[in-house]
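A short worksheet on the structure shown next.
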Amino acid sequence: MSVGNWQRAQALQALAAGEVFDLLIIGGGATGLGLAVDASARGLRTALVEAQDFAKGTSSRSTKLVHGGVRYLAQGRIGLVREALHERSTLLANAPHLASALPFILPCGGWVEKGFYGAGLKAYGALSGRRGLGPTEMLSAHQVRDAVPGIQGDRHTGGWRYWDAQFDDARLAVALARTAQAQGAVLLNHCEVQALLREDSSPMAAVCGAQVQDHETGQSWRIGARCVVNATGVWVDAVRRMGAAAPTESSLPAMVSPSQGVHLVVDARFLGGHHALLVPRTSDGRVVFAVPWLGSVVLGTTDTPRDDLPLEPRAFTQEVDFILQEAGRYLSRPLSRRDVRSVWVGLRPLVKPVGGESSTGALSREHTVQVASNGLVTVTGGKWTTYRTMAEDVLQACGQAGLLKALRPSSTAALPLKGSPPSGRAGASPITSPITRISEAPGLHLYGQDAEAVMALPGADHWLAPGLSEAMVRFAVRQEMARTVEDVLARRSRLLFLDAAAAQAVAPRVADLLVQERACSPSAAGLEPFRQLAEQYARVP
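Read in my numbering, the sequence shown has 488 at position 416, and its numbers run on one by one without any break.
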């Protein structure tokens, strides 16, 4: 039996053995995986199931920024910004191979704008304190052009440089999954919750586990747990209603007000250099980023309310128009749909306020934790940067509700993630160079300490596409729990997000390797579904 199949069989056996876990987590995105790491580090017997793949939803479709949120400071959310800046530093320290500092340029049109934005950015830097990544500086027009060669010269008279950070979101999710697994947690992707279990049929009976089904084998079984956490992002309301014992509970008011964020990927030449560009004011009052990421440039984003919750949301034509128009106002090269290599969309799980709110852009990015009368714990909202403190808050709520006993303190603030140097502190010092690893083309540096293990596998020198070798595909299956072509090309490699046509071209070879590694049928490798998905990412509305 192959390594990947053996590991999955072990997880299946552990989950189906009838053991009552301390904690069952539903959802394998940033929130659920962060919770699995924290809980297992505290010695809790932890299980996690994910219906698709880890970070399949919103958690792989962020703007790739680890940041406090400059615009949240303007909204007066100082506590949110301070917490996020603290967590930015922690993430850089604990996963230096997947997160790195990034300088931003904010262009200004005159002295009034320079004074206004400068005051905010100086305050932002001050909130960083000793955890700052670099100085906040006012730049001349010439210095701005040197930093961002692709900027239009007539759109500014200078500007500001400030520092934040960026990361590879999906690979960070995989690192969290592997870290939790190494600490004894049992994780299974492609395993769907069909129903929540209750102690009895009475209206007040407590939730005590879940009925699940493995997508690969079709096998169904029950998982018992003392505490069940719903961490399914924009889909939390569906799981909450799954636990309803009475008709009135099935119409529970929604916790989430979903918002759609669209991102376009273009060639690095449109921006040039190694700085990100922040367009501070758009026609709808938002900001637009142009971010160098893995050798390309990500343009985004939008904030469009959604009532439906598709697994693969599509961009609207007007959203693409908006991004191209707003970014095009500042970039010197003409930008059109023909230049877009990939389009991807994430659904934000914004916390729905009491009384409703018409604008999702005005909703808080803070998270909320709710313990229902039936004991189901639901967490939603938040953002990638604060995933670790979200986990702490969830476990604190579980303890206060009496669902978990004698909790040890959290240790994740100084816990290196898989692939990090043993000390875990490599990313703690300020970064003085504008060249950051995550802005560079993908390669072995994203594997950190695991790079040697990748190089030791067959096919290390056989490159299927830039930044993707046969050995990386094998490593994805053997060590990173990848099961399908999509798992590999979307979330172990990021090729689908960087160049959908290139991902489609290499997919048959990846499928062949999956068939070898998994000893499975070609259909089980998921080549045809991936081809359809890649067509969607390549199509620009």
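By construction, the Cβ of each residue, glycine as well, lies at the ideal position given by its N, Cα and C atoms.
Just so we're clear, the structure is a prediction, and the values are computed from it rather than from any experiment.
- Taking a C-beta distance under 9 Å as the contact criterion, residue 364 and residue 511 qualify as a contact pair.
- Around the beta-carbon of residue 172, 16 or more other beta-carbon atoms lie within 10 Å, marking it buried.
- Per DSSP, residue 450 is not a residue of any alpha helix (DSSP H); the beta strand (DSSP E) it occupies stretches across 449-453.
- For the 9 Å CB-CB criterion, residue 154 and residue 199 form a contact.
- In the structure shown, the three-state DSSP call for residue 303 is coil.
- Residue 280 sits in a strand when the DSSP states are folded into three classes.
- Closest in alpha carbon position to residue 478, among 90, 77, 283 and 94, is 94.
- Non-local beta-carbon contacts of residue 535 in its own chain, meaning distances under 7 Å to residues more than five positions away in sequence, involve 541 in chain order.
- DSSP links residue 210 through a beta bridge to 232.
- Within a 10 Å sphere around the beta-carbon of residue 91 sit fewer than 16 other beta-carbons, which makes this residue exposed.
- Take residue 493, set aside five residues on each side of it, and the residues of its chain with a beta-carbon closer than 8 Å to its own are 168, 520 and 521, in chain order.
- For a cut-off of 8 Å, the C-beta gap from residue 281 to residue 308 is around 18 Å, too long to register as a contact.
- The count of Cβ pairs closer than 8 Å, one atom from the stretch 182-200 and one from the stretch 139-147, reaches three, so the stretches are in contact.
- The stretch 250-264 makes no contact with the stretch 201-211; the number of CB pairs closer than 8 Å stays below 3.
- Assigned with DSSP and collapsed to three states, residue 361 falls in strand.
- DSSP, read as helix, strand or coil, puts residue 215 in helix.
- In its chain, beyond the 5 residues on either side, 337, 338, 339, 340, 413, 570 and 571 have a beta carbon closer than 8 Å to the beta carbon of residue 368.
- Under the Cβ criterion (8 Å, minimum of three pairs), the stretch 524-531 does not count as touching the stretch 323-330.
- When DSSP states are grouped into helix, strand and coil, residue 480 belongs to the coil group.
- Taking C-alpha positions only, residue 119 is separated from residue 288 by approximately 18 Å.
- As DSSP reads the structure, residue 172 sits in a beta bridge with 238.
- Counting along the chain, residue 333 sits inside no alpha helix (DSSP H); it lies in the beta strand (DSSP E) bounded by residues 328-339.
- It is roughly 20 Å from the alpha-carbon of residue 396 to the alpha-carbon of residue 568.
- In this chain, residue 594 is not harboured by any beta strand (DSSP E); it is covered by the alpha helix (DSSP H) spanning 594-597.
- Non-local beta-carbon contacts of residue 105 in its own chain, meaning distances under 6 Å to residues more than five positions away in sequence, involve 245, 248 and 249 in chain order.
- In the DSSP assignment, residue 150 falls within the unbroken alpha helix (DSSP H) covering 150-166.
- The stretch 224-238 and the stretch 81-91 do not touch, with fewer than three beta-carbon pairs separated by less than 8 Å.
- Residue burial annotation: residue 410 is exposed, with fewer than 16 other C-beta atoms found within 10 angstroms of its C-beta.
- The alpha carbon of residue 415 has as its nearest neighbour, out of 399, 391, 101 and 421, the alpha carbon of 391.
- Counting C-beta pairs with one atom in each stretch, the stretch 262-277 and the stretch 120-127 have three or more that are closer than 8 Å, which means they touch.
- Residue burial is scored here from C-beta neighbours: residue 150 has fewer than 16 other C-beta atoms within 10 angstroms and is therefore classed as exposed.
- Just measuring C-alpha positions, the residue of 380, 344 and 331 sitting nearest residue 374 is 331.
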